[in-house]
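Read in order, the letters of the sequence shown are residues 1 to 124 in UniProt numbering.
Glycine included, every Cβ here is placed at the ideal spot set by N, Cα and C.
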Amino acid sequence: MTTKANLLAFSLDCADPKALAEFYHQVTGMEITYAEDEYAAITDGTVSIYFGRVADRKPVTWPSPDKQFHLDFRVPDVAQAVEDYLKLGATRPEFQPGVTEEGTRWVVLQDPQGHLFCVCPQPA
């Protein structure tokens with residue numbers, strides 16, 4: 001039997017850890033527990049997101065086979081959340097595979113430092 005693991009945290013490389021921690025604090029409501037120039041962290045008490053400074057990090061373009069990961073967030077109102085996150089500094093790439101003629105299943109955004117994340121509706 002394989003040892004079961006619980007997700008503790010994930011880390012994002014970025015140019016400005018404090019700024020990105022503040023952005024995701026606003027998006028998720030997670031508490032900022034550490035914020036320095038080289039490193040920052042937010043948590044909900046169970047899972048944390050860490051932000052580490054990598055000065056020369058270059059965001060990937062979207063769409064691209066270079067994308068290594070993205071975050072997904074559930075929200076009660078996708079259109080309102082997208083509007084809110086754009087005001088916080090996110091951008092909305094032109095390519096939107098979750099937006100079809102039938103409606104919006106999810107919206108792809110990029111945070112202020114270029115990491116992709118999806119805004120998804122709550123399950124019906």
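DSSP on residue i, reduced to helix/strand/coil?
i: L71; result: strand
i: D13; result: strand
i: T91; result: strand
i: E22; result: helix
i: T28; result: helix
i: A41; result: strand
i: Q113; result: coil
i: A35; result: strand
i: V78; result: helix
Using only CA atoms, which one of the options lies nearest to residue i?
i: P97; options: F117, V54 and A15; result: F117
i: E31; options: D16, V47 and F10; result: V47
i: F10; options: R105, A41 and E101; result: A41
i: T104; options: D44, T91 and V119; result: V119
Does the separation of the CB atoms of residue i and residue j fall below 8 Å?
i: W62; j: F95; result: yes
i: Q122; j: P76; result: yes
i: Y34; j: R53; result: no
If contacts are defined as beta-carbon pairs under 8 Å, then residue i and residue j qualify, I think. What distance do you get, rounded to the angstrom?
i: Q113; j: L20; result: 6 Å
i: C14; j: F69; result: Not really, about 13 Å apart at Cβ, beyond 8 Å.
i: V107; j: V82; result: 5 Å
i: D37; j: K18; result: 7 Å
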